[in-house]
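These notes concern the structure reproduced below.
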Amino acid sequence: MQGFLLRRAGQALVTILGVVTLIFFVQRLTGDPTYLLVPETATKTDVEALRHALGFDRPLLVQYFDFLAELARFDLGQSVVQRVPVLTIIASRLPYTLMLAAGALVVACGIGVPMGILLAVFRDRPIAKAASGIVLAAQSMPTFWSGILMILVFSVLLGWLPPSSTGDFSHLIMPSFALGLLSMATFARITRSALLDELSKDYARTARSRGVRTGRLLLRHVARNASIPLITVAALEISNLLAGAVIVETVFAWPGIGQVTVQAILARDFMIVQGVVLMGAFVTVLLNLLSDVLYSIIDPRIVLEGTR
Amino acid sequence: MTPLSRNARLAALAAALALSTAPAHASKERFIVDLVNEPSSLDPQVQWNPDSYYVYRNIFDNLVTRNDKGEIVPQVATSWKYLSDTEIEFELRSDILFHDGSKLTAEDVAYSVKRITDPKFGSPQLGQFDKITDAVALSPTKVKLTTNGAYPALLAQLVKLSIVPKAVVEAVGKDAFNLKPVGSGPYKFEGWQRGVQVSLSRNDAYWGDKGPFPAVIFRAVPDGATRVANLQAGTSDLGVTLDSDQAAQLKSSAKAKALIGLTERVAYLRLNTTKPPFDNVKLRVAAAHAIDKEGMVDGLLGGFDKPVSQLLTPASFGWIEGMTGPNYDLAKAKALIAEAGPAAKAEIELATAPVFDQRIVQAIQQQLVDAGFTVKIAMTDMATYLKRSQAGPEATSTLSFGRWSCACQDADGVLFPLVHKSSGWSAYRNPKADSLLEEARQTLDKDKRLAAYKQVHEIIATEAPLVPLYQAAVLYGATKNLQFKPTPNESMFLNRMSWVD
């Protein structure tokens, strides 16, 4: 296990360095943010003065190595628009995105998995057809639309939930549903196909022929095997949720990483974008590693590379 | 459980829900404003964007300000006199305290001016103040500013220069000051929950008109539909930057209303006179005749904006009553294009960026195509648009749509950058117009300036290097209880608002 982890950590470092380098240069290909920082009436001299003050007039490679040196000291630099350290910005926004992603995951799993079981166990019956209709609808609704619709119904018409921003638990409900609905459909589909797949296997058929009832069969025999694809999906979905949060955070004025990233991209605030991408790469790599380790715990037949 | 106790529980639950979801009903105590983004910075000298403006202008005072009629009136300065064409002396109030309790003196004013005009400081607002070469405190209540040459727009620019406390800035440094700004304005900075809200509290010791709300919260709500929903649900009191459809939506609302004001921002179409086909004056005039400003304003903008026939709005000094320009006349446009022959057939690029109203950009394209031009829309991100637009006639596109405000309500801030050859924004070369603009910039005589600007407007009307389109409206949404008159310079002073129950 140790060798495996070390090797994977090495690979992760290379991946992250690649991602960071790519984002550094790709962003700068589009120009620099100076023009967005000055009023339209600014003269060329003003623009040059500001560009110099921000250091964007230095050679690109010098900027890159400075950035790497700062990164090695865990310094992500300072936002050129807000003039605040990027770490401060990310640290203040990250908890909100994590809270939202967790809420969405609860919605997605809490509804998606039972729905998937329903679809598998009662397939071809009217109840399963109704459920699959709901899943299809959830999957087809664009988030920005379902979000606005929810605000109109539950905030403006009924006055039950606050339309936007943060505060108590009630603020989290609508954004979590808006974000979780898409993943809910994925969870339902995967659960259904994994269950059907396992139920058609010999061991399940044997158990059934021995008279094991459906509920017991699912719980004692099938659940463990069927959960392996679910873990993969969960790891992928968490990355997706973080990406999907961009729209939900904008619609619900939820102050997470997604919102700050959109603003940073529009303002060409390179430092923030770099910081967020770095964090995203780190989280994705970590989640993948985690899901690999989880496989081997759930199914001892899966052996991690280099651990035997 | 008896029915009574169940009802009681339900009532308690309902009350708890109502309390938790509708805090804005106590908005006289706590006033909530929805901005588009959070302020980028609250140090008044390191940024210029509207979301920061809205907040920090309530924290700081300026030497002078504009009243609701748009006139320049005293604020920190009580009076001023010109010692010469290049020197102006301000007499200051002696009863102003910063929020930390220290007294505002001429030293603070001189320091603020020097801070923002220091190129090393790197203020994005430098260009608005770089005509000021020196600031000296003559006594605790007297300060003298020196400019390089006569500068008639000085007072109009000083409306935007916030006075910061020298001692505090020097003691804590630039970054810390940005995190906890100290001003002398009607509201005090209380806290900044990054990404969530900035809170202010009323400065009860303020020397001027005090604000009506003890506490004010500015939130970032990027989506316009959500800002409208917040107003309708009663969870905010004022929302900025609505579009015409959203403002119309509020007409039927029981809780909210739209507040509309005409601004100093002018929308225009810029023609590159150095490139075909618009190096031909006939085709420029044809383009001007092809555009139906009234139709655009009424059909697309809900009738809130106002067509103009000079490159300025009535909110600015330099506006000439009764000016006319090429009117909408499609037949005339077609005739002029036919006269010009094949030159008119060249493909024209119309530059724009996503922040501009694309309905307008598409309407302009369609109207020019209807007249006989071949126009292609070239959409780029804002930074690229700005860079290209300022790159001079050779690099800039043949046509571009833009909206201009100098936030100074003076023709010098509009006509000079858009027309004078020394400006990157200008794609027009006319020595007569250049000398008129220089003349108007270098004299303090208002009548001379007006006469010069009148001639510039006439040149633009006949030569059509730019087609003035409309005076832009600013649309806010507000709860019915709020009394507030939007101003042309798009400022939002809390102490000029009032609340009726």
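Taken in order, these protein sequences are the chains called A and B.
Positions 104 to 411 (our numbering) are the ones given, in order, by the first sequence.
Positions -6 to 494 (our numbering) are the ones given, in order, by the second sequence.
Where a beta carbon is used, it is the ideal one built from N, C-alpha and C, also for glycine.
On a predicted model such as this, the values are computed, not experimentally measured, just so you know.
Alpha-carbon spacing of B:Ala376 relative to A:Ala175, whole angstroms
30 Å
Neighbour flag for A:Arg371 against chain B, beta carbons, 8 Å:
yes
Can B:Ile52 and B:Tyr199 be called in contact, C-beta distance under 8 Å?
no
A:Ser312 to A:Gly318, Cα distance in whole Å?
14 Å
Decide if B:Thr126 is buried, meaning its Cβ has at least 16 other Cβ atoms within 10 Å, or exposed.
exposed
Take B:Met372 as the anchor and find which of B:Ala356, B:Leu343, B:Thr391 has the nearest alpha-carbon.
B:Leu343
Check B:Gly232 in the structure and name its three-state DSSP category.
strand
With which residues is B:Gln186 paired in a DSSP beta bridge?
B:Gln190
Less than 8 Å between CB atoms is the rule here; does B:Ser33 satisfy it with respect to chain A?
yes
Is the segment 176 to 196 of chain B touching the segment 423 to 443 of chain B in the sense that three or more CB pairs, one from each, lie closer than 8 Å?
no
Identify, in the order they occur along the chain, each residue of the same chain with its Cβ nearer than 6 Å to the Cβ of B:Arg434, setting aside the five sequence neighbours on each side.
Asp405
Interface residues of chain A around B:Trp41 at Cβ under 7 Å?
Pro142
Output the distance between the C-alpha atoms of A:Gly69 and B:Asp494, rounded to the nearest integer angstrom.
Because chain A is modelled from 104 through 411, residue 69 of chain A falls outside the range shown and cannot be assessed.
Give the straight-line distance between the Cα atoms of B:Ala279 and B:Gln383, rounded to the nearest whole angstrom.
25 Å
I want to know whether the segment 198 to 207 of chain A touches the segment 348 to 363 of chain A - three or more CB-CB distances under 8 Å.
yes
Straight-line CA distance for A:Val315 to A:Leu302?
12 Å
Environment of B:Pro37 [buried if 16+ CB atoms lie within 10 Å]:
buried
B:Lys203 by DSSP, collapsed to three states: which one?
coil
Is it right to say B:Asp495 is buried, meaning 16 or more other beta carbons lie within 10 angstroms of its own, or is it exposed?
Residue 495 of chain B lies beyond the range of chain B shown here (-6 to 494); nothing can be said about it.
Span of the alpha helix (DSSP H) holding A:Thr309?
305 to 312
Can you tell me whether A:Ala112 is buried or exposed, with buried defined as 16 or more other CB within 10 angstroms of its CB?
exposed
List, in order along the chain, the chain A residues whose C-beta lies closer than 8 Å to that of B:Lys380?
Gly134, Tyr138
Under the rule that 16 or more other beta-carbon atoms within 10 Å means buried, what is A:Tyr306, buried or exposed?
exposed
Look at the Cβ atom of B:Gln303, then the Cβ atom of B:Pro458, and state whether they are nearer than 8 Å.
no
Is B:Tyr446 closer than 8 Å to B:Val411 when the C-beta atoms are compared?
First, the amino acid is wrong: residue 411 of chain B is Leu here, not Val. No, the pair does not count as a contact, with Cβ atoms beyond the cut-off.
Are the beta-carbon atoms of B:Leu172 and B:Ser105 separated by less than 8 Å?
no
Helix, strand or coil: how does DSSP classify B:Phe394 here?
strand
So if I threshold CB-CB distances at 8 Å, which residues from the segment 352 to 368 of chain A count as touching chain B?
Thr353, Val354, Phe355, Ala356, Pro358, Gly359, Gln362, Val363, Val365, Gln366
Candidates A:Arg327, A:Gly180, A:Val351: which alpha carbon is nearest A:Arg404's?
A:Arg327
Excluding the 5 residues preceding and the 5 following A:Asp402 in the sequence, name in chain order all residues of the same chain whose CB lies nearer than 7 Å to its CB.
Ile331
What are the partner residues of A:Pro188, as DSSP defines its beta bridges?
A:Gln181
In the segment 212 to 234 of chain B, which residues sit with their C-beta less than 7 Å from some C-beta in chain A, listed in chain order?
Arg212, Ala213, Val214, Pro215, Asp216, Ala218, Thr219, Ala222, Asn223, Gln225, Ala226, Thr228
DSSP on A:Pro229, reduced to helix/strand/coil?
helix
Under the three-state reduction of DSSP, which class applies to B:Pro410: helix, strand or coil?
helix
Chain B residues whose Cβ lies nearer than 8 Å to that of A:Lys147
Gln383, Gly417
Around the Cβ of A:Gln114, are there at least 16 other Cβ atoms within 10 angstroms (buried) or fewer (exposed)?
exposed
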